[in-house]
Amino acid sequence: MSRKHALAAILAAAVVTTADASHAASIIIDQFISPQYVVARAGTGDFSRSEIRAPSAVAVGGYRDMSVSNSTNRLNGTSLETGGGYLDFNNASRTSGTGTIKWDGQNSTGLRGLDVTDGGTNDAVFFGVIFADADIAMAFSLTDTQGRVSTYNTLLVEELSDPEEVFFRFSDFSGSADLTQINAISLTLIGTRPAVDLTLDRIYFGATVAPVPVPAAAPLLLAAIGGLALAGRRRK
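Residue 0 is where the sequence shown starts when you use numbering that gives the first Met the number 0, and the numbers rise one by one after that.
What follows is the structure, given as structure tokens:
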């Protein structure tokens, strides 16, 4: 291999190495691959709950619990559905309700002290929002192994019609949960008016600012360039 090609290969390897490092701390809560459906409506009851096994590669803890309640007692009710990489929260016309998704292991056995900060690297929870109506209230809660809770509450005051990533910083949470010893995670969606809908494609813990790659790459690049220079002198 020529020195030019060797340097190009080393540069590419350095970019890949630093890029991988910048994403290494992300902890996936759910990518909504495993299908699940719950609906609450008149005739079937104003409350519905379901727990399924979701492989840990796509849902933290390996299980997902979903429940919905309908506050208007209409035939077309409130539902939560997952599958194909999406979570859908739907309220039919003239209907409003609440949906809750919980990740706490099988039958609430817990996540056994999950460090959602990944050693202090992560500082927020991220939501991939595909679409969201205005006037949906969101409450995201973390419960630690001692039963202490930290929660972030917000109200979507504007419609999100284009896909975007929304995040809640840990520093903005209220409560006293130890984020290095989390036992349960929950997301509650509340339709504050009828017929509001929301679609997500993933939820994960991560860093709001990715590590700058240059310092990490510099030692590798300097060593590589030095090695190439030495090899060149030896060939002369």
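Just so it is clear, CB atoms sit at the ideal spot from N, CA and C, and this is done for glycine as well.
Nonlocal neighbours in the same chain, by C-beta distance under 7 Å from Ala-138, ignoring five residues either side
The count along the sequence shown starts at 1 and reaches residue 138 at position 139. Only Thr-150, Asn-152 and Thr-187 meet the Cβ criterion.
Helix, strand or coil for His-22, going by three-state DSSP, please let me know.
To locate residue 22, count along the sequence shown from 1; it is residue 23. Because the pLDDT at His-22 is just 47, under 50, the model does not fix this residue reliably, and the point stays unresolved.
With distance defined between alpha-carbon atoms, name the residue in Glu-80, Ser-66 and Asn-75 nearest to Thr-97.
Looking up residue 97 in the sequence shown gives position 98. Per the Cα distances, Ser-66.
Short of 6 Å in beta carbon distance, which residues of its chain neighbour Phe-204, apart from the five on each side in sequence? Order them along the chain.
For the purposes of this step, residue 204 is identified with residue 205 of the sequence shown, where counting begins at 1. Counting only Cβ-Cβ distances below 6 Å, and skipping sequence neighbours, we find Ile-26, Val-115, Asn-121 and Val-124.
CB-CB length for Ile-104 against Gly-61, believed under 8 Å:
In the sequence shown, residue 104 corresponds to position 105, counting from 1. In the sequence shown, residue 61 corresponds to position 62, counting from 1. For the sequence presented, residue 104 should be read as Gly rather than Ile. Confirmed, about 7 Å.
Flag Thr-142 as yes if its beta-carbon sits less than 7 Å from any beta-carbon of chain B, otherwise no.
Among the protein chains of the structure shown there is no chain B, as only one such chain exists.
If I measure Cβ to Cβ from Val-57 and keep anything under 8 Å in the same chain, skipping five residues before and after, which residues do I get?
Residue 57 sits at position 58 when you count from the first residue of the sequence shown. Result list for Val-57: Ile-27, Asp-29, Gln-30, Phe-31, Ile-32 and Ser-33, in chain order.
Exposure label - Arg-93; buried when at least 16 CB within 10 Å:
In the sequence shown, the residue the question calls residue 93 occupies position 94. Of the other Cβ atoms in all chains shown, fewer than 16 fall within 10 Å of the Cβ of Arg-93; this residue is therefore exposed.
I'd like to confirm something about Ser-170: is its beta-carbon nearer than 6 Å to some heavy atom of the ligand NAP, or not?
Absent from the structure shown: the ligand NAP. Ligands present: none.
Return the chain-ordered ranges of every beta strand (DSSP E) run that is complete within the region 148–213 and spans a minimum of 3 residues.
Runs of beta strand (DSSP E) with 3 or more residues, each lying fully within the region 148–213, are found at 148–155, 163–168, 181–190 and 197–205, listed in chain order.
In this structure, does DSSP put Gln-105 in helix, strand or coil?
Sequence index remark: in the sequence shown, residue 105 carries index 106 (1-based). In the structure shown, Gln-105 sits in a helix (DSSP, three-state: H, G or I).
Beta-carbon contacts of Gly-84 that lie in its chain and below 8 Å, excluding the five residues immediately before and after:
Within the sequence shown, numbered from 1, the residue matching residue 84 stands at position 85. Gln-30, Phe-31, Ile-32, Asp-200 and Arg-201, listed in sequence order.
I'd like the list of long-range same chain contacts for Pro-162, defined as Cβ closer than 6 Å, with 5 residues on each side in sequence excluded.
Numbered from its first residue, the sequence shown carries residue 162 at position 163. The residues are Ile-129.
Helix, strand or coil for Asp-117? Go by DSSP, reduced to three states.
The residue labelled residue 117 in the question sits at position 118 within the sequence shown. Three-state DSSP puts Asp-117 in coil, outside helix and strand.
Relative to the alpha-carbon of Leu-110, which residue among Ser-47, Phe-126 and Ala-183 has its alpha-carbon at the smallest distance?
Looking up residue 110 in the sequence shown gives position 111. When each option's Cα is compared against that of Leu-110, the closest is Ala-183.
Please check the pair Ala-131 and Leu-154, which I expect to be a contact at CB under 8 Å, by giving their CB distance rounded to whole angstroms.
Reading the sequence shown from its first residue, position 132 is the one you call residue 131. Reading the sequence shown from its first residue, position 155 is the one you call residue 154. Cβ-Cβ separation between Ala-131 and Leu-154: approximately 11 Å, too far for a contact (criterion under 8 Å).
Quick one: what does DSSP say Val-57 is sitting in, helix, strand or coil?
Along the sequence shown, one-based indexing puts residue 57 at 58. Looking at Val-57 - three-state DSSP - the assignment turns out to be coil, as it is neither helix nor strand.
Alpha carbon to alpha carbon, what distance is there between Gly-127 and Gly-118?
Start at 1 with the first residue of the sequence shown, and residue 118 comes out as number 119. Start at 1 with the first residue of the sequence shown, and residue 127 comes out as number 128. When rounded, the distance between both Cα atoms is 24 Å.
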